[in-house]
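Student:
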Amino acid sequence: MAPSLRPLARPRPPGMLLLRALLLLLGSVPGMWCFSELFFVNEPQDVTVTRKDPVMLDCQAHGEIPIKVTWLKNGAKVSENKRIQVLSNGSLYISEVEGKRGEQSDEGFYQCLAMNKYGAILSQKAHLTFSTISAFEVQPVSTEVQEGGIARFACKISSNPPAVITWELNRTTLPITMDRITALPTGVLQIYDVGPRDAGNYRCVAATVAHRRKSMEASLTVIPATESKSFHTPTIIAGPQNITTSLHQTVVLECMATGSPKPIISWSRLDHKSIDVFNTRVLGNGNLMISDVKLQHAGIYVCRATIPGTRNFTVAMATLTVLAPPLFVEWPESLTRPRAGTARFVCQAEGIPSPKMSWLKNGRKIHSNGRIKMYNSKLVINQIIPEDDAIYQCMAENSQGSILSRARLTVVMSEDRPSAPYNVHAETMSSSAILLAWERPLYNSDKVIAYSVHYMKAEGLNNEEYQVVIGNDTTHYIIDDLEPASNYTFYIVAYMPMGASQMSDHVTQNTLEDVPLRPPEISLTSRSPTDILISWLPIPAKYRRGQVVLYHLSFRLSTENSIQVLELPGTTHEYLLKGLKPDSVYLVRITAATRVGLGESSVWTSHRTPKATSVQAPKSPELHLEPLNCTTISVKWQQDAEDTAAIQGYKLYYKEEGQQENGPILLDSSDLYTLSGLDPRRKYHVRLLAYNNIEDGYQADQTVSTPGCVSVRDRMVPPPPPPHHLYAKANTSSSIFLHWRRPAFTTAQIINYTIRCNPVGLQNASLVLYLQTSETHMLVQGLEPNTKYEFAVRLHVDQLSSPWSPVVYHSTLPEAPAGPPVGVKVTLIEDDTALVSWKPPDGPETVVTRYTILYASRKAWIAGEWQVLHREGAITMALLENLVAGNVYIVKISASNEVGEGPFSNSVELAVLPKETSESNQRPKRLDSADAKVYSGYYHLDQKSMTGIAVGVGIALTCILICVLILIYRSKARKSSASKTAQNGTQPLSRTSASLAGGNEVGKNLEGTVENEDSLIPVKMPNSFIDAKGGTDLIINSYGPIIKNNSKKKWRFFQNSKKIKVEQPPRRFTQSVCFYQPGTTVLISDEDSPSSPGQTTSFPRPFGVAADTEHSANSEGSHETGDSGRFSHESNDEIHLSSVISTTPLTSDSLTGSDSGGNLSTRKCRDPAVASDAEQTTSSVLQPPSAMLSFDKNDFPI
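Under the working numbering, the sequence shown has 1977 at position 657, and the numbering climbs by one with no breaks.
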């Protein structure tokens, strides 16, 4: 009955089948092919089966017949029986696979061994496994989702082969053809745009060829969605996970995000390499699926969820590790060597993880001995003997599989060689020297030109063999570099020009003992305040130099000189000192002795006994120190399980012998720490104690020595080369990703790396960070933002350490701005344009590369429609243009850099009022972020602002009161002066003055002329200008700004228009102002300037220095924004110069002219300006205090 293969068996590669057919064809033709070399045509492959099923493992070897094939399972020979048979073609057939509990299982690793007269070869390993499935490790969980939201269910199960997972809704297969529903092969179900139709009970079904499992049900409840569609930053609710996979598999990196609007998901690699578009596609709404995974797909993948049209995004990262089976890059070659010669086989393989290399001789594993050495990937056979003629195989093996390559060593024999030296004997001379003697060969001794002495340690495996070549004139030699109290094996080889002789007989001899080379390493702990437990480890054999027969233990108080010495047996490894003083420092040292004598004493080790009151202090932990390599020590500890004291953490201290102590290093409640960056061949003292919120606990002290970086017997072995192509890339503001390449050499041993990291210019060496890893990349975290660091890497292999790699410098990214821009101010500079200014966010380390300005009217803000402006980080102002009158605008600003965007500032409101509003209301409303913290219409003032306002109001009221008192005093003085003038016989008034007998009527007419400013228009104003840039409507002539009428009205409140001062001296103005009114004549006084020599006047010059200074000081908007001052809209634009101008009321002299001959001229206004325009003009007109009176057609004053 021909055996049938299960479909679970892995199919053979097509290339292997073609090769098999070709070899069979060639082998069937006589003389066409000679199979002198033994090799496999078919090798067993991994297979997965179910119990009680038949299975066949292939094995077909070709070579010179006869060929015998045997099978091995897990390294042991497989016994044939009725159920297990080896077929004639070499294959292994199992009729019923057994694997029940309590019975012998057939599961394991199988290899076939083929043998002919030239030697034997071993096949690759084939793993026979059973089809299994576990219980669900992750079950779906019930959830509630708003309508239109996202739902996610997950389940996980382990099986062999991997199970296919499907989903059911209400126990009916869920259709996944819709775009909004995605079922990932990893067991995740994603549902987008959830609606009422999606509500129900979900469960997943996992199925293999032999098994089927169903998970628990989970309900999806759909709740009505809220009407709010407010903006939400993106959030990744299910990010990618780190994945380790094999070649040619399919992996899925999940990425599921929410936000409003719906975020867009994109993928990239952290190393900026392009993503393979041929084997990669997006599954569903953002999941990345990679098919037929290759080595180049390995790396760190970044999922980025971005709100469309914005810079709001979030990222998640995961590492994809691709494992690869071993692959040979260099194969061993067959060699022919003479007897006593040397053969070297080289074999190199690559794989992930790095394959372990081993060598086989005729199918059996080789162990190093005196003649045969294995150096990484090389096999070296010295002093070849006839028994070395065999087939050698190089085997590379890792978790993904194993491969073998073969080569044959042929030994050529010579007939004229001398016989071996004989009668070899050895005699011990001292603890490090042995005398070796022998007699010359019996055959062809006269042709001997030299002798070679070989020796190595007799105990242990992989011992190093040493060789010394001496002349043919002696038959004895002293080897004097041996280790004390050790057994050595010796043999001699004679050399002649035609070749070497056979090896002599082996002889073994031991060296004498010596005093110990170093003392034990001790550990000190306290169990109570009055004792110290001293324990020590046995001295390593290479330093012990014999059998330790006793120890001398010495101790004393640090404050005393008297030393107490205890003698302990050589089998003792701990001792408890009792009756000690609490809270005292004791010094302890130990000395070991062999039969020869005492060795070197250890240095004094200090230990403080606990305080007598420390009843709640944690007990001392049990401390273990172990050197990992020549620069690293592993610190492990275990707390006493019976200790009831609370433990907050641990404090670790360490120091090199004779140096200052480093620490404390604060550790959490873990039980492992690695000390890195140490010096080789140094003794270190480590102490550890637990602590809590109350006090420090009892400490444990221990010493340990780091080994040398150069291996056995200080032989001149060059250190391995350092890692190269060190590459650094800033990942965040607190982490930098490092990547490097291993050196060109390939090794079968595990390589560890040490990364050195410190800020550039660091002075304190204890702050240098040392990190350990076995990978060729690392993410260094916990760094300071915006700081430049230097990195270097070295490797450690087989007690050897490389030099440090060249230093690479790189800076961390700056932190995203933590705060918003400060001092935000908005000023209207034209009818439809505003200037917004700000200061950078607080914080000296904040780096800003761009500012974002958002502004919108209230209506647009309610609708969520913002207008966006961007400015570079060096610019702190911007123009807001095309503003619409009658709207209130809301402005806020944020700062950002390459890392991210900071928060927005408090909103600032700007009112742009219509042009038709009155002058007093025309002034735009300007707020800054210090004044308004919300834009709800209420501006909250802090305590400092309220205090300032109260003080300002108090000062203002005080000034007003003083001004009122001064005005009252001057008014009384003027009344007194007028009375005296009348009594002295003042000249009667002129005709014009007489017509003003009713002073109130004239005052009212003049007041009416002034008040109706809409009917006045300036026609002729020499040497004056108008600010036409839109900042203000102020008109200025050569004497200053033209005063507003309402100011004059305020000052007329303090005047008595019924009383006219006749003694007021005349006022002269060379400039004229014409007021146009239809049908009127304007009377203008043409006098000299009041600044003429010899004139005295009470009219101060408008816009004096004091007034200008006050205006500049109060123009906050102008100073803050860097404006020229013409755009200021503070209340100081209404310069109160009327207080200077109109304090002198109209008098009769003002209306009649002057005694100095001032000429009154009557002029018609030349400008027939449109009266309607003049009526709408709101420009203020400055009235000089000279006589200006309008008359109608009948020469009556208006």
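Just so you know, even glycine gets a beta-carbon here, dropped at the ideal spot from N, CA and C.
#1: In whole angstroms, what separates the C-alpha of Y2090 from that of L1987?
#2: Applying the 10 Å Cβ sphere with the 16-neighbour rule, what's the burial state of Y1522?
#3: With distance defined between alpha-carbon atoms, name the residue in E1785, L1655, E2221 nearest to A1710.
#4: By the three-class DSSP mapping on this structure, what secondary structure does R2294 have?
#5: Within the continuous alpha helix (DSSP H) that includes Y1863, where are the two ends?
#6: State buried or exposed for G2274, treating a residue as buried only when at least 16 other CB atoms are found within 10 Å of its CB.
#7: Any chance you could list the beta strand (DSSP E) runs of at least 3 consecutive residues sitting entirely within the segment 1667–1734, in chain order?
#8: Does DSSP classify D2469 as helix, strand or coil?
#9: Does the segment 2131–2139 come close enough to the segment 2158–2171 that 3 or more CB-CB pairs lie under 8 angstroms?
#10: Three or more C-beta pairs under 8 angstroms: does that hold for the segment 1493–1505 against the segment 1533–1540?
#11: With 16 other CB atoms within 10 Å as the buried threshold, where does H2005 fall?
#12: In terms of alpha-carbon separation, which member of S1954, G1890, L2148, A1770 lies closest to L2200?
#13: Between which two residues does the alpha helix (DSSP H) containing R2178 stretch?
#14: Thinking C-alpha only, which one of D1991, A1778, G2102 is nearest S1806?
#15: Determine the direct distance from the alpha carbon of E1400 to that of D1708, and round the result to whole angstroms.
#16: Which residue comes first and which comes last in the beta strand (DSSP E) that contains I1953?
#17: Let me check one thing: in DSSP terms, what residues is H2116 bridge-paired to?
#18: Can you pull the DSSP bridge partners for N1521?
#19: When the Cα atoms are used, what is the spatial distance from D1766 to L1832?
#20: Look up E2192 in the DSSP assignment and give the residues it is bridged to.
#21: Looking at the secondary structure, which residues open and close the beta strand (DSSP E) in which S1821 lies?
#22: DSSP three-state label for P1583, please.
#23: I believe V1622 touches R1601 by the beta-carbon criterion, under 8 angstroms. Please report the beta-carbon distance rounded to the nearest angstrom.
#24: Please look up how many angstroms separate the CB atoms of P2161 and A2194, rounded, as I've assumed it's under 8 angstroms.
#25: Note down, in chain order, each residue of its chain lying with its Cβ closer than 7 angstroms to the Cβ of L2189, except the 5 sequence neighbours on either side.
#26: Helix, strand or coil, according to DSSP, for S1855 in the structure here?
#27: Would you list the residues sitting across from T1925 in a DSSP beta bridge?
#28: Just the Cα atoms here: how many angstroms apart are A1716 and S1678?
#29: Quick check: the Cα distance between G2017 and S1940, rounded to an integer number of angstroms?
#30: Which residue wins for smallest C-alpha separation from R2114, given the options G2102, V2127, T2107?
#31: Keeping to the same chain, check which residues put their C-beta closer than 7 angstroms to that of K1693; ignore five residues upstream and five downstream.
#32: Can you tell which of D1518, Y1808, S1415 has its C-alpha closest to the C-alpha of Y1775?
#33: Quick check: the Cα distance between V1835 and G1866, rounded to an integer number of angstroms?
#34: Near E1363, what residues of its chain come up, given a Cβ to Cβ distance below 6 angstroms and the 5 sequence neighbours on each side ignored?
#35: Whether or not the segment 1447–1464 and the segment 1752–1760 are in contact is what I'm after, with contact meaning three or more pairs of Cβ atoms, one per stretch, closer than 8 angstroms; do they touch?
#36: Using the DSSP secondary-structure output, state which residues sit across from Y2289 in a beta bridge.
Tutor: In short, the structure shows the following:
#1: Distance from the CA of Y2090 to the CA of L1987, rounded to the nearest whole angstrom, comes to 16 angstroms.
#2: Looking at its Cβ environment, which holds 16 or more other Cβ atoms inside 10 Å, Y1522 is buried.
#3: The residue with the shortest Cα to Cα distance from A1710 is L1655.
#4: In the structure shown, R2294 falls within a helical segment according to DSSP collapsed to helix, strand and coil.
#5: From DSSP, the alpha helix (DSSP H) with Y1863 extends over 1861–1864.
#6: So G2274 counts as exposed.
#7: For the segment 1667–1734, the continuous beta strand (DSSP E) assignments of 3+ residues that do not extend past its boundaries occur at 1668–1672, 1676–1681, 1692–1695, 1698–1701, 1710–1718, 1721–1732, in sequence order.
#8: Confidence at D2469 is low in this model, with a pLDDT of 40, below 50, so the placement of that residue should be treated as unreliable; the coordinate-derived value is given next. D2469: helix per DSSP, three-state reduction.
#9: Touching, per the Cβ criterion.
#10: At 8 angstroms Cβ cutoff, the stretches do not touch.
#11: Buried, by the Cβ-count rule.
#12: The shortest C-alpha separation from L2200 is found at L2148.
#13: Start and end: 2178–2182.
#14: Here the closest residue by C-alpha is A1778.
#15: Each residue's alpha carbon lies about 32 angstroms from the other.
#16: Its beta strand (DSSP E) spans residues 1952–1958.
#17: DSSP lists N2072, S2121 as the bridge partner or partners of H2116.
#18: Answer is S1539, bridged to N1521.
#19: In this structure, the CA atom of D1766 is about 37 angstroms from the CA atom of L1832.
#20: Per DSSP, R2170.
#21: That residue, S1821, is in no beta strand (DSSP E); it is neither H nor E in DSSP.
#22: In this structure, P1583 counts as coil in the three-state DSSP scheme.
#23: Incorrect: roughly 17 angstroms between the Cβ atoms, too far for contact.
#24: Between A2194 and P2161 the Cβ distance is about 14 angstroms, and since that is not below 8 angstroms, they are no contact.
#25: Contacts found: I2173, A2198.
#26: In the structure shown, S1855 sits in a strand (DSSP, three-state: E or B).
#27: In the DSSP assignment, the residues bridged to T1925 are V1908.
#28: Their Cα atoms are separated by approximately 7 angstroms.
#29: When rounded, the separation of the alpha-carbon atoms in G2017 and S1940 is 7 angstroms.
#30: Taking R2114 as reference, the option from G2102, V2127, T2107 with the minimal CA-CA separation is V2127.
#31: Cβ-Cβ distances below 7 angstroms link K1693 to V1700 in the same chain, with the five nearest sequence neighbours on each side left out; the list follows chain order.
#32: Taking only the C-alpha atoms, the option nearest Y1775 is Y1808.
#33: The alpha-carbon atoms of V1835 and G1866 are separated by roughly 7 angstroms.
#34: Scanning its chain for C-beta atoms nearer than 6 angstroms, with the 5 sequence neighbours on each side dropped, one finds around E1363 the residues S1443, Q1444, in chain order.
#35: By the Cβ criterion, the segment 1752–1760 is not in contact with the segment 1447–1464, since fewer than three pairs of Cβ atoms, one from each stretch, lie closer than 8 angstroms.
#36: Under DSSP, Y2289 shares a beta bridge with no residue.
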